[in-house]
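Structure first, commentary second.
Residue numbers (the numbering used here): 45 to 254.
Okay, here's the thing in C-alpha coordinates:
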(Lines of atoms letter the chains of each structure in order from A; the text may use other names.)
(Lines give C-alpha, C1' and ligand atoms only; values in the text may rest on other atoms or scores of the structure.)
Protein backbone atom coordinates (compact mmCIF):
# COMPACT_ATOMS: atom_id res chain seq x y z
CA UNK A 45 0.00 0.00 0.00
CA UNK A 46 1.12 3.53 -0.67
CA UNK A 47 1.53 5.99 2.18
CA UNK A 48 -1.68 7.74 1.18
CA UNK A 49 -3.58 4.43 1.07
CA UNK A 50 -2.29 3.45 4.51
CA UNK A 51 -3.32 6.83 5.90
CA UNK A 52 -6.82 6.51 4.47
CA UNK A 53 -7.14 2.94 5.74
CA UNK A 54 -6.18 4.05 9.25
CA UNK A 55 -8.52 7.01 9.05
CA UNK A 56 -11.40 4.75 8.02
CA UNK A 57 -10.59 2.24 10.76
CA UNK A 58 -10.65 4.96 13.42
CA UNK A 59 -13.94 6.41 12.18
CA UNK A 60 -15.57 2.97 12.15
CA UNK A 61 -14.24 2.22 15.63
CA UNK A 62 -15.41 5.60 16.90
CA UNK A 63 -18.88 4.94 15.50
CA UNK A 64 -19.21 1.72 17.53
CA UNK A 65 -17.70 3.02 20.76
CA UNK A 66 -19.49 6.38 20.67
CA UNK A 67 -22.83 4.72 19.85
CA UNK A 68 -22.41 2.62 22.99
CA UNK A 69 -20.75 4.99 25.46
CA UNK A 70 -21.65 8.51 24.32
CA UNK A 71 -19.55 11.28 25.86
CA UNK A 72 -17.87 8.68 28.09
CA UNK A 73 -16.22 7.07 25.04
CA UNK A 74 -12.51 6.57 25.67
CA UNK A 75 -9.93 7.40 23.06
CA UNK A 76 -7.68 4.47 23.91
CA UNK A 77 -10.57 2.04 23.40
CA UNK A 78 -11.38 3.58 20.03
CA UNK A 79 -7.75 3.27 18.97
CA UNK A 80 -7.51 -0.31 20.24
CA UNK A 81 -10.65 -1.33 18.37
CA UNK A 82 -9.14 0.14 15.20
CA UNK A 83 -5.89 -1.77 15.79
CA UNK A 84 -3.96 1.47 16.17
CA UNK A 85 -2.55 3.68 18.91
CA UNK A 86 -3.87 6.95 20.30
CA UNK A 87 -0.93 8.55 18.52
CA UNK A 88 -2.61 7.72 15.23
CA UNK A 89 -5.69 9.66 16.35
CA UNK A 90 -3.64 12.77 17.06
CA UNK A 91 -1.70 12.36 13.83
CA UNK A 92 -4.79 12.01 11.65
CA UNK A 93 -7.38 14.13 13.49
CA UNK A 94 -5.43 16.36 15.87
CA UNK A 95 -7.49 15.46 18.95
CA UNK A 96 -10.42 13.44 20.22
CA UNK A 97 -12.75 16.32 19.35
CA UNK A 98 -11.26 16.38 15.86
CA UNK A 99 -12.05 12.69 15.47
CA UNK A 100 -15.61 13.22 16.68
CA UNK A 101 -16.09 16.19 14.36
CA UNK A 102 -14.96 14.01 11.47
CA UNK A 103 -17.35 11.30 12.66
CA UNK A 104 -20.27 13.74 12.44
CA UNK A 105 -19.30 14.70 8.90
CA UNK A 106 -18.77 11.06 7.96
CA UNK A 107 -22.20 10.21 9.36
CA UNK A 108 -24.06 13.12 7.77
CA UNK A 109 -22.50 13.19 4.31
CA UNK A 110 -24.21 10.05 2.90
CA UNK A 111 -27.60 11.35 4.07
CA UNK A 112 -27.13 14.69 2.33
CA UNK A 113 -25.91 12.97 -0.83
CA UNK A 114 -29.08 10.85 -0.81
CA UNK A 115 -31.20 13.98 -0.31
CA UNK A 116 -29.57 15.65 -3.30
CA UNK A 117 -30.42 12.60 -5.42
CA UNK A 118 -33.99 12.47 -4.07
CA UNK A 119 -34.80 16.10 -4.94
CA UNK A 120 -35.36 16.68 -8.68
CA UNK A 121 -33.04 19.32 -10.11
CA UNK A 122 -35.82 20.84 -12.24
CA UNK A 123 -38.48 21.04 -9.51
CA UNK A 124 -39.79 24.36 -8.26
CA UNK A 125 -39.39 25.17 -4.57
CA UNK A 126 -42.59 23.45 -3.44
CA UNK A 127 -41.73 20.32 -5.40
CA UNK A 128 -38.20 20.28 -3.98
CA UNK A 129 -39.41 20.75 -0.41
CA UNK A 130 -42.02 18.01 -0.75
CA UNK A 131 -39.43 15.58 -2.18
CA UNK A 132 -37.09 16.45 0.70
CA UNK A 133 -39.85 15.83 3.28
CA UNK A 134 -40.86 12.54 1.69
CA UNK A 135 -37.25 11.38 1.79
CA UNK A 136 -37.14 12.19 5.50
CA UNK A 137 -40.26 10.08 6.12
CA UNK A 138 -38.92 7.13 4.14
CA UNK A 139 -35.73 7.22 6.19
CA UNK A 140 -37.81 6.34 9.26
CA UNK A 141 -38.59 2.94 7.72
CA UNK A 142 -35.07 1.75 6.84
CA UNK A 143 -33.58 -1.12 8.80
CA UNK A 144 -31.08 1.00 10.74
CA UNK A 145 -33.40 3.94 11.44
CA UNK A 146 -33.45 3.35 15.20
CA UNK A 147 -29.66 2.97 15.35
CA UNK A 148 -29.25 6.19 13.35
CA UNK A 149 -31.59 8.04 15.69
CA UNK A 150 -29.72 6.69 18.71
CA UNK A 151 -26.43 7.94 17.28
CA UNK A 152 -27.94 11.38 16.68
CA UNK A 153 -28.98 11.59 20.32
CA UNK A 154 -25.55 10.38 21.41
CA UNK A 155 -23.68 12.93 19.30
CA UNK A 156 -25.90 15.71 20.58
CA UNK A 157 -25.28 14.54 24.15
CA UNK A 158 -21.54 14.68 23.53
CA UNK A 159 -21.78 18.14 22.00
CA UNK A 160 -23.61 19.38 25.09
CA UNK A 161 -21.16 17.82 27.57
CA UNK A 162 -17.80 18.41 25.88
CA UNK A 163 -16.81 22.07 25.25
CA UNK A 164 -14.42 20.98 22.51
CA UNK A 165 -16.85 18.68 20.74
CA UNK A 166 -19.73 21.18 20.70
CA UNK A 167 -18.16 23.69 18.27
CA UNK A 168 -16.87 20.87 16.05
CA UNK A 169 -20.31 19.29 15.97
CA UNK A 170 -21.95 22.60 15.08
CA UNK A 171 -19.39 23.31 12.36
CA UNK A 172 -19.95 19.91 10.76
CA UNK A 173 -23.72 20.35 10.78
CA UNK A 174 -23.46 23.86 9.33
CA UNK A 175 -21.18 22.63 6.55
CA UNK A 176 -23.68 19.96 5.54
CA UNK A 177 -26.62 22.39 5.85
CA UNK A 178 -24.92 24.57 3.25
CA UNK A 179 -25.67 21.80 0.78
CA UNK A 180 -29.37 22.05 1.59
CA UNK A 181 -29.31 25.82 1.27
CA UNK A 182 -27.70 25.46 -2.15
CA UNK A 183 -30.33 22.86 -3.06
CA UNK A 184 -33.18 25.34 -2.52
CA UNK A 185 -31.52 28.60 -3.62
CA UNK A 186 -32.46 29.76 -7.10
CA UNK A 187 -35.59 27.64 -7.45
CA UNK A 188 -38.74 29.36 -8.78
CA UNK A 189 -41.53 30.13 -6.34
CA UNK A 190 -44.51 32.44 -6.68
CA UNK A 191 -43.16 34.22 -9.72
CA UNK A 192 -39.80 34.97 -8.12
CA UNK A 193 -36.55 33.16 -7.45
CA UNK A 194 -35.62 31.97 -3.96
CA UNK A 195 -32.70 33.91 -2.51
CA UNK A 196 -29.95 32.37 -0.44
CA UNK A 197 -31.25 34.14 2.66
CA UNK A 198 -34.71 32.71 2.16
CA UNK A 199 -33.28 29.24 1.50
CA UNK A 200 -31.27 29.49 4.70
CA UNK A 201 -34.30 30.42 6.77
CA UNK A 202 -36.33 27.65 5.16
CA UNK A 203 -33.62 25.04 5.74
CA UNK A 204 -33.46 25.87 9.44
CA UNK A 205 -37.23 25.53 9.79
CA UNK A 206 -37.45 22.36 7.71
CA UNK A 207 -34.78 20.54 9.67
CA UNK A 208 -36.42 21.45 12.97
CA UNK A 209 -39.85 20.25 11.88
CA UNK A 210 -38.76 17.12 10.03
CA UNK A 211 -36.33 15.97 12.72
CA UNK A 212 -39.07 16.38 15.31
CA UNK A 213 -41.59 14.49 13.19
CA UNK A 214 -39.07 11.71 12.52
CA UNK A 215 -38.43 11.29 16.22
CA UNK A 216 -42.18 11.14 16.77
CA UNK A 217 -42.55 8.37 14.18
CA UNK A 218 -39.73 6.29 15.67
CA UNK A 219 -41.04 6.73 19.20
CA UNK A 220 -44.55 5.79 18.19
CA UNK A 221 -45.87 9.28 18.92
CA UNK A 222 -46.90 10.08 15.35
CA UNK A 223 -48.38 6.84 13.96
CA UNK A 224 -50.39 8.62 11.25
CA UNK A 225 -47.53 10.78 9.97
CA UNK A 226 -47.02 9.27 6.53
CA UNK A 227 -45.21 10.78 3.55
CA UNK A 228 -48.18 12.98 2.73
CA UNK A 229 -48.23 14.34 6.27
CA UNK A 230 -44.51 15.16 6.13
CA UNK A 231 -44.93 16.82 2.72
CA UNK A 232 -47.90 18.90 3.92
CA UNK A 233 -45.99 20.06 6.99
CA UNK A 234 -42.99 21.05 4.89
CA UNK A 235 -45.10 22.82 2.28
CA UNK A 236 -46.78 24.89 5.00
CA UNK A 237 -43.38 26.32 5.92
CA UNK A 238 -42.85 27.51 2.36
CA UNK A 239 -45.99 29.65 2.40
CA UNK A 240 -45.37 30.92 5.93
CA UNK A 241 -43.49 33.98 7.13
CA UNK A 242 -40.32 31.96 7.61
CA UNK A 243 -39.67 31.99 3.88
CA UNK A 244 -41.58 35.07 2.83
CA UNK A 245 -39.60 37.40 5.07
CA UNK A 246 -38.37 39.94 2.51
CA UNK A 247 -34.70 40.33 1.80
CA UNK A 248 -33.26 43.54 3.25
CA UNK A 249 -32.81 46.52 0.89
CA UNK A 250 -29.78 46.33 -1.38
CA UNK A 251 -29.15 42.71 -0.37
CA UNK A 252 -29.15 41.55 -4.00
CA UNK A 253 -30.05 37.97 -3.16
CA UNK A 254 -28.10 37.78 0.08
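For glycine and all other residues, C-beta sits at the position ideal for the given N, C-alpha and C. If you're wondering where the values come from, they're calculated on a predicted model, not measured in any experiment.
| Query | Result |
| --- | --- |
| Under the three-state reduction of DSSP, which class applies to residue 193: helix, strand or coil? | strand |
| Would you kindly check if the distance between the Cβ of residue 99 and the Cβ of residue 158 is under 9 Å? | no |
| So the alpha helix (DSSP H) residue 111 belongs to, where does it begin and stop? | 96-118 |
| Taking the alpha-carbon positions, what's the residue 144 to residue 209 distance? | 21 Å |
| Quick check on this structure: which residue in 77, 149, 137, 185 has the alpha carbon closest to the alpha carbon of residue 124? | 185 |
| To which residues of the same chain is residue 217 closer than 6 Å at the C-beta, ignoring the five residues directly before and after it? | 140, 225 |
| Tell whether a beta-carbon distance below 9 Å holds between residue 81 and residue 102. | no |
| Beta-carbon separation of residue 133 and residue 48 under 9 Å? | no |
| Expressed to the nearest angstrom, what Euclidean distance is found between the alpha-carbon atoms of residue 90 and residue 214? | 36 Å |
| To the nearest angstrom, how far is the alpha carbon of residue 79 from that of residue 162? | 19 Å |
| Taking contact to mean 3 or more Cβ pairs, one atom from each stretch, closer than 8 Å, check whether the region 105-113 and the region 186-193 are in contact. | no |
| Within the same chain, show all residues whose beta-carbon is closer than 6 Å to that of residue 166, passing over the 5 residues directly before and after it, in chain order. | 159 |
| Just grab the DSSP bridge partners of residue 188 for me. | 193 |
| Considering only the beta carbon of each residue, do residue 199 and residue 181 sit closer than 9 Å? | yes |
| Since residue 58 and residue 88 should fall inside the 8 Å C-beta cutoff, what is the C-beta to C-beta distance between them, to a whole number of angstroms? | 7 Å |
| Just to confirm before moving on: does the CB-CB distance between residue 65 and residue 74 stay below 9 Å? | yes |
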